[in-house]
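Visitor: Heads up, the sequence shown is in our numbering, so the first residue is 27 and it goes up one at a time. Note that CB positions come from ideal geometry on N, CA and C, so glycine has one too. So that we are looking at the same thing, I have put the structure below in structure tokens.
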Amino acid sequence: MAFSVLFALVLLAWLLPSLWMRLSRLTLLDFFLLAIAMFFGAYTILDTMAAEQPNFEPVAVASVFVIVSGATLILWWFARRPSQFLQETSLARMRADWIGASRWPIIGLVGLAVVYRIITATMYAELGPEELSGNERDLPYWFTSLGMIVNVSVFPAALCCWGKARATQGPRRLYWFALAGLCALVIMGMGRRAIFALLVITGWDLLTQFRARRRLWLPLLLLIMFVPMMLMISNVYQAYRFATVRGVPMENMAEMLEEKSLLESAADVNETISNIEQRQAMWRFNYSIVDADLRGMGSPQWGRILIGGLQNLVPSAIYPDKVIFDTEAETQAAFGLERVDQSENIFTSTYADFGFLSIVIAPLFILLIVWACAHGERRLRDPFLRALLLGAALFLALNLEQSYMTPFGFARDFAFVAAGYVALRAFFRVARSIVRLAIQ
27 MAFSVLFALV
37 LLAWLLPSLW
47 MRLSRLTLLD
57 FFLLAIAMFF
67 GAYTILDTMA
77 AEQPNFEPVA
87 VASVFVIVSG
97 ATLILWWFAR
107 RPSQFLQETS
117 LARMRADWIG
127 ASRWPIIGLV
137 GLAVVYRIIT
147 ATMYAELGPE
157 ELSGNERDLP
167 YWFTSLGMIV
177 NVSVFPAALC
187 CWGKARATQG
197 PRRLYWFALA
207 GLCALVIMGM
217 GRRAIFALLV
227 ITGWDLLTQF
237 RARRRLWLPL
247 LLLIMFVPMM
257 LMISNVYQAY
267 RFATVRGVPM
277 ENMAEMLEEK
287 SLLESAADVN
297 ETISNIEQRQ
307 AMWRFNYSIV
317 DADLRGMGSP
327 QWGRILIGGL
337 QNLVPSAIYP
347 DKVIFDTEAE
357 TQAAFGLERV
367 DQSENIFTST
377 YADFGFLSIV
387 IAPLFILLIV
397 WACAHGERRL
407 RDPFLRALLL
417 GAALFLALNL
427 EQSYMTPFGF
437 ARDFAFVAAG
447 YVALRAFFRV
457 ARSIVRLAIQ
């Protein structure tokens, strides 16, 4: 326990001041660092305080945090270097894209997300989470595809709505704030980490604006308010998580509201504490794999997890007989671990495939994501497409708990949404030309 807390405190003391000093110049890479600080720093300390602590093997604990710290040091070094290419992914530039993006595709994406939630409520309101999860593979292809589009686009749409609301006045500001609120409700249904990511980006926007105006007390107030706000959101989410499906209220929501009001749920800290006690911190999955490797219960797969997961990216319309390769289950089986829900992340995935080489492979993989986004931002000329790409990448960075297959899936879904946007834009441009010719 002492080892894990010590390394967590080192991560926080190292990364948070560094990020604060570069607040107005943050890039996509910095948000990967922030996610590491939160999930391997702050969450580790919370886990130590709230959850039961077994007898950890000190060598395995130290190995986990040496790998994470070493990989973080590589990322931190690149983030601190002045690079014009890296600045392509700066949030200051993305803020301009929020304002400059065309309003119609944003409104369309928000409407699509709302329609998706309505369809979900209509089709599955009578089912519980267990029944629905059992039917996931039997859902219509169009429905699951629509869900993937919503997942990759609703977060960038929310940021564009926020940016336009901040840049406008009067009724238009209320309109864009209302759309941002709708997006927030949809994002809330995707989990606490999703709403945490939204609060981080919008909080960054407010902090930088206040600092530029020399209202130094307002940033401090925002930081003080952030913790209880996130705690209340977590309490509400935990209280009703079994009464919703993908954020859509089910029939038993009314019964749960009768037992405890919304305000009572928000103030009940035990909701979040009980979840922390039951769900292990992210570093513990890393520890289980490293400990199993050191004990000889398993060994690195040398790319098998990566190659096996790539087949998941092939659309079922092209490969109807596709069998989903569960990277988390395969990792647990490879190291002789019990099959339980754990926090898969970039470091578990790369360690499962490459062992201690993950200290280099993990940061290289993240740098590849940043490079691809910077290259895309430099090539794209449309503000909406740039906001869509970087918004999806920020959502990916701040949600560290995922397989390293997820970035490939996001890239595929982004390409689909972008192609649809370009096709629709070309169609309407041609249609307008035809109408003008007909009028003349």
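1. Reducing DSSP to helix, strand and coil, say where THR170 ends up.
2. Kindly indicate which three-state DSSP category THR53 falls into: helix, strand or coil?
3. Would PHE434 and LEU339 qualify as a contact pair, given that the criterion is a beta-carbon distance under 8 Å?
4. Please work out which residues of its chain come closer than 8 Å, Cβ to Cβ, to GLU427, disregarding the five sequence neighbours upstream and downstream, and give them in chain order.
5. Rounding to the nearest angstrom, what Cα-Cα distance links ILE331 and THR357 in this structure?
6. How big is the Cα-Cα spacing for ALA413 and GLY381?
7. Return the Cβ separation of SER33 and PHE91 in integer angstroms, given the expectation that the two are a contact with Cβ distance under 8 Å.
8. Taking 8 Å as the threshold (C-beta atoms), are ALA423 and PHE57 in contact?
9. Given ALA39, which residues of its chain have a CB within under 7 Å of its CB, disregarding the five upstream and five downstream residues?
10. Looking at the unbroken alpha helix (DSSP H) that takes in PHE82, where does it start and where does it end?
11. Which two residues bound the contiguous alpha helix (DSSP H) that contains GLY435?
12. Please identify the residue among LEU406, GLY324, ALA88, VAL443 whose C-alpha is closest to the C-alpha of LEU361.
13. Report back the beta-carbon spacing between LEU52 and SER116 to the nearest angstrom; my notes put them in contact at under 8 Å.
14. Count the other CB atoms within 10 Å of the CB of GLU290; is the residue buried (16 or more) or exposed (fewer)?
15. For ALA444, which option in ARG407, ASN425, ALA464 has the closest C-alpha, if you only look at C-alpha atoms?
16. When the Cα of LEU72 is compared with those of GLU114, LEU420, ARG310, TRP124, which residue comes out closest?
17. Identify whether GLY96 lies in helix, strand or coil by the three-state DSSP scheme.
18. Per DSSP, SER116 forms a beta bridge with which residues?
19. Check for me: the alpha helix (DSSP H) holding SER375 runs from which residue to which?
20. With C-beta atoms as the reference, is VAL396 less than 8 Å away from LEU55?
21. Looking at the secondary structure, which residues open and close the alpha helix (DSSP H) in which LEU200 lies?
22. With distances taken Cα to Cα, identify the nearest neighbour of ALA441 among GLY402, GLN235, PRO409, PHE104.
23. For ALA105 and LEU60, I'd like the C-alpha separation in whole angstroms.
24. Helix, strand or coil, according to DSSP, for ALA360 in the structure here?
25. Can you name the start and end residues of the alpha helix (DSSP H) that ASN338 belongs to?
26. Output the distance between the C-alpha atoms of THR270 and PHE169, rounded to the nearest integer angstrom.
27. Under the rule that 16 or more other beta-carbon atoms within 10 Å means buried, what is SER89, buried or exposed?
28. Consult DSSP for PRO108 and reduce its assignment to one of helix, strand or coil.
Guide: According to the data block:
1. What you label residue 170 is simply residue 144 of the sequence shown in a count that begins at 1. DSSP places THR170 within a helical segment (H, G or I) once states are collapsed to three.
2. Against the sequence shown, residue 53 aligns to sequence position 27. THR53 falls in the strand class under three-state DSSP.
3. Taking the first residue of the sequence shown as 1, we reach residue 434 at position 408. Taking the first residue of the sequence shown as 1, we reach residue 339 at position 313. Taking a C-beta distance under 8 Å as the contact criterion, PHE434 and LEU339 qualify as a contact pair.
4. The sequence position of residue 427 within the sequence shown is 401, counting from 1. Cβ within range, chain order: PHE65, ARG219, MET308, SER369, GLU370, ASN371.
5. In the sequence shown, counting from the first residue as 1, residue 331 sits at position 305. In the sequence shown, counting from the first residue as 1, residue 357 sits at position 331. The alpha-carbon atoms of ILE331 and THR357 are separated by roughly 7 Å.
6. Taking the first residue of the sequence shown as 1, we reach residue 413 at position 387. Taking the first residue of the sequence shown as 1, we reach residue 381 at position 355. Answer to the nearest angstrom: the Cα atoms are 36 Å apart.
7. Taking the sequence shown and counting its residues from 1, one reaches residue 33 at position 7. Taking the sequence shown and counting its residues from 1, one reaches residue 91 at position 65. What sits at residue 33 in the sequence shown is Phe, not Ser. Sure, about 4 Å apart at Cβ, within 8 Å.
8. Walking along the sequence shown from the start, residue 57 turns up at place 31. Walking along the sequence shown from the start, residue 423 turns up at place 397. Yes, these two residues count as a Cβ contact at 8 Å.
9. The residue labelled residue 39 in the question sits at position 13 within the sequence shown. Here the set comprises nothing.
10. Numbered from 1 along the sequence shown, position 56 holds the residue referred to as residue 82. Unbroken run through PHE82: none, as it is neither H nor E.
11. Mapped onto the sequence shown, residue 435 falls at position 409. Start and end: 432–465.
12. For the purposes of this step, residue 361 is identified with residue 335 of the sequence shown, where counting begins at 1. Reading the sequence as shown, one finds Phe at residue 361 and not Leu. Taking PHE361 as reference, the option from LEU406, GLY324, ALA88, VAL443 with the minimal CA-CA separation is GLY324.
13. For the purposes of this step, residue 52 is taken as the residue at position 26 of the sequence shown. For the purposes of this step, residue 116 is taken as the residue at position 90 of the sequence shown. Beta-carbon to beta-carbon, LEU52 and SER116 are separated by about 7 Å, close enough to satisfy the 8 Å threshold.
14. Counting from one through the sequence shown, the residue named residue 290 turns up at place 264. Caution is warranted here: a pLDDT of 48 is assigned to GLU290, below 50, making its placement in the model unreliable, and the coordinate value is therefore given only provisionally. Classification for GLU290: exposed.
15. The count along the sequence shown starts at 1 and reaches residue 444 at position 418. Out of ARG407, ASN425, ALA464, ARG407 has the C-alpha closest to the C-alpha of ALA444.
16. Taking the sequence shown and counting its residues from 1, the one referred to as residue 72 is at position 46. Of GLU114, LEU420, ARG310, TRP124, the residue nearest in Cα terms is ARG310.
17. In the sequence shown, residue 96 corresponds to position 70, counting from 1. If DSSP states are grouped into helix, strand and coil, GLY96 belongs with the helices.
18. On the sequence shown, position 90 is the one that residue 116 refers to. Under DSSP, SER116 takes part in a beta bridge, and its partners are THR53.
19. Taking the first residue of the sequence shown as 1, we reach residue 375 at position 349. Where SER375 is concerned, the enclosing alpha helix (DSSP H) stretches over 372–380.
20. On the sequence shown, position 370 is the one that residue 396 refers to. On the sequence shown, position 29 is the one that residue 55 refers to. Annotated as proximal: VAL396 and LEU55, with beta-carbon spacing under 8 Å.
21. Taking the sequence shown and counting its residues from 1, one reaches residue 200 at position 174. Judged by DSSP secondary structure, LEU200 falls within the alpha helix (DSSP H) whose first and last residues are 196–214.
22. Your numbering for residue 441 matches position 415 in the sequence shown. Taking the Cα of ALA441 as reference, the smallest distance to any Cα among GLY402, GLN235, PRO409, PHE104 is reached at GLY402.
23. Sequence index remark: in the sequence shown, residue 105 carries index 79 (1-based). Sequence index remark: in the sequence shown, residue 60 carries index 34 (1-based). CA-CA distance, ALA105 to LEU60, rounds to 12 Å.
24. The sequence position of residue 360 within the sequence shown is 334, counting from 1. Helix, per DSSP.
25. Taking the sequence shown and counting its residues from 1, the one referred to as residue 338 is at position 312. Premise fails: ASN338 is in no alpha helix (DSSP H) and is neither H nor E.
26. On the sequence shown, residue 270 is found 244 positions in, with the first residue counted as 1. On the sequence shown, residue 169 is found 143 positions in, with the first residue counted as 1. Its pLDDT being 47, under 50, THR270 is placed unreliably by the model, and the measurement read from it follows with that caveat. When only Cα atoms are considered, THR270 and PHE169 end up about 18 Å apart.
27. By 1-based counting over the sequence shown, the position of residue 89 is 63. Classification for SER89: buried.
28. One-based indexing of the sequence shown puts residue 108 at position 82. In the displayed model, PRO108 falls within coil according to three-state DSSP, outside both helix and strand.
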